[in-house]
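Participant: What follows is a single structure, and I will ask about it in a moment.
Chains as they are written, first to last, in my numbering: chain A, 1 to 277; chain B, 1001 to 1156.
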């Protein structure tokens, strides 16, 4: 592909979107006039890769679960159990209430987000170039660099926060919690604004943190990839890419873990009844 | 990088995967782990129990050994005393038998002695009568002097 650096970067950061343009035609790829396709469109690559990786998670863990015995565990069971125990311990230390969904959810988040982040370590040109050769104009393979994906998960977590808050405290109790803290009850409107911001900040920070980290990481991989122009700078670029990939192993694991743990923390807060101030 | 339907699609996908994990993955793994934990705990407890029972068995063996030794000692002592008793008994019997034999012999001797004495007495009486006859040169009337002679013989 003969293109400028700006075009190269732009190409790598564009989703394969299916939607309707202003001329009324449904199509993959951005519209000719450059306008947004609006809300009624879908990022096919993000959905495809995230669902695919989610299925990878489900299949591997389902196999391990079906073969799980109390006897001597095999290699797969060992690895899976290590993760399960790690997540279980983490959840137990944070979430002290009784809820059978929390730990499996944390496991799902951790492994799924980790797998989606892991796509970041695939060299940035391989799959998009392959897709391009097969006639697919755009292909963004790291779902967590798409804010739709991270915010979509954060939205689900937010819904669970609201659901458990209301179920544990009642609608009145939940509203009271929003309105009667941190200042005395006379300042209820002020409290309500403050607490609402706090509440809304939870899903926003949850989704945007993951997106920001992964997007920045991906961007750096793309910038490093731009260095493969000449021999000398290309070798330097190779070293840089290796170093950044090694560092990124830490980041993708950490971000997956943070997403999972923060989810558990937020849901624990939804359960906890704050004492009167 | 627009926000679009992907957002909601992702929310639904997330819920489906969480549900799948909750329903088909997590319980099985946790169950297996709990069970193994239990098995290991039971194994350890059983090992401890076995150690304890081995200890008690050892004590019992020692006790029984001690009992057996005491029993053997008792039997030996008993046998020894019985033997001594038997020897004593035999000795006593022998002594009694000896005494009895001696007594019988004594009695026999006495009897022989008496019989000899009786015989002698009779003979002496006859000799005395004969002697007296010769001395007196006369017949002593056995009827008249018989009583006298018998008295004489009894005095001998």
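We treat Cβ as the ideally placed atom computed from N, Cα and C, and that holds for glycine. All of these numbers come straight from a predicted model, not from anything done at the bench.
(1) Looking at the structure shown, is residue 135/A part of a helix, part of a strand, or coil, going by DSSP?
(2) Residue 1041/B versus chain A: which residues are under 7 Å apart at the beta carbon?
(3) CB residue 83/A to CB residue 63/A, shorter than 8 Å?
(4) From residue 1048/B to residue 145/A, what distance separates their C-alpha atoms?
(5) Residue range of the beta strand (DSSP E) that residue 18/A falls in?
(6) Quick one: using the 10 Å Cβ neighbour count with 16 as the cut-off for buried, is residue 112/A buried or exposed?
(7) Pair every Cβ in the stretch 146 to 153 of chain A with every Cβ in the stretch 1005 to 1013 of chain B, then say whether three or more of these pairs are closer than 8 Å.
(8) Determine which residues of the stretch 30 to 53 of chain A have a Cβ less than 8 Å from any Cβ of chain B, and write them out in chain order.
(9) Just the C-alpha distance for residue 121/A and residue 245/A, rounded to the nearest angstrom, thanks.
(10) What's the C-alpha gap between residue 217/A and residue 242/A?
(11) Could you tell me the alpha carbon to alpha carbon distance between residue 1020/B and residue 1014/B, rounded to whole angstroms?
(12) Give the DSSP-derived three-state secondary structure of residue 1004/B in the structure shown.
(13) Could you tell me which residues DSSP pairs with residue 43/A in its beta bridges?
(14) Let's test the definition: count the other Cβ atoms within 10 Å of the Cβ of residue 263/A and tell me whether it reaches 16, buried, or not, exposed.
(15) Does DSSP put residue 1024/B in a helix, a strand or coil?
(16) Measure the alpha-carbon distance for residue 14/A versus residue 154/A and round it to whole angstroms.
(17) Residue range of the beta strand (DSSP E) that residue 211/A falls in?
(18) I'd like the list of long-range same chain contacts for residue 137/A, defined as Cβ closer than 6 Å, with 5 residues on each side in sequence excluded.
(19) On a CA-only basis, which of 87/A, 272/A, 260/A and 256/A is nearest residue 119/A? Give me that one, please.
(20) Do you know offhand how far residue 42/A's Cα is from residue 18/A's?
(21) Is it buried or exposed, residue 55/A, if we count other Cβ atoms within 10 angstroms and call 16 or more buried?
(22) Among 193/A, 248/A and 260/A, whose alpha-carbon lies nearest the alpha-carbon of residue 215/A?
(23) So, with DSSP's three-state summary, where would you put residue 114/A?
(24) Helix, strand or coil for residue 1017/B, going by three-state DSSP, please let me know.
(25) On the CB-based measure, 16 or more other CB atoms within 10 Å of its CB, does residue 1067/B come out buried or exposed?
(26) Determine the extent of the alpha helix (DSSP H) in which residue 174/A is found, giving its start and end residues.
(27) Going by the CB atoms, is the gap between residue 166/A and residue 174/A shorter than 8 Å?
(28) Between the alpha carbons of residue 1073/B and residue 1082/B, how many angstroms are there, rounded?
(29) Quick one: is residue 1/A near chain B, going by C-beta distance under 8 Å?
(30) Apart from the five residues on each side of it in sequence, which residues of its chain come closer than 7 Å, Cβ to Cβ, to residue 157/A?
(31) Below 8 Å on the Cβ atoms is my contact criterion, and I expect residue 124/A with residue 222/A to pass it. Report the Cβ-Cβ distance as a whole number of Å.
(32) Hey, residue 209/A and residue 258/A are a contact pair by Cβ (cut 8 Å); roughly how many whole angstroms apart?
(33) Run through DSSP, which three-state label would residue 95/A get?
(34) Check the Cβ of residue 61/A against every Cβ in chain B and list those closer than 8 Å, keeping chain order.
(35) Determine the burial state of residue 1026/B: buried for a count of at least 16 other Cβ atoms within 10 Å of its Cβ, exposed for fewer.
(36) Taking 7 Å as the line, does the beta carbon of residue 267/A fall inside it for any heavy atom of the ligand MN?
Facilitator: Result, derived from the coordinates:
(1) coil
(2) The premise fails here: residue 1041/B is roughly 12 Å from chain A at the closest Cβ pair, so nothing lies under 7 Å.
(3) no
(4) 56 Å
(5) 17 to 20
(6) buried
(7) yes
(8) 36, 37, 38, 39, 40, 41, 42, 43, 46, 47, 50 and 51
(9) 6 Å
(10) 13 Å
(11) 10 Å
(12) coil
(13) 17/A
(14) buried
(15) helix
(16) 22 Å
(17) Segment 188 to 225 is the alpha helix (DSSP H) holding residue 211/A; no beta strand (DSSP E) there.
(18) 29
(19) 256/A
(20) 5 Å
(21) exposed
(22) 248/A
(23) helix
(24) helix
(25) exposed
(26) 147 to 179
(27) yes
(28) 14 Å
(29) With a pLDDT of only 47 at residue 1/A, under the threshold of 50, the placement of this residue in the model should not be trusted, and no figure is reported.
(30) 203, 206, 263 and 266
(31) 5 Å
(32) 7 Å
(33) coil
(34) 1021, 1025 and 1029
(35) buried
(36) Although the ligand MN was asked about, the structure shown includes no ligands whatsoever.
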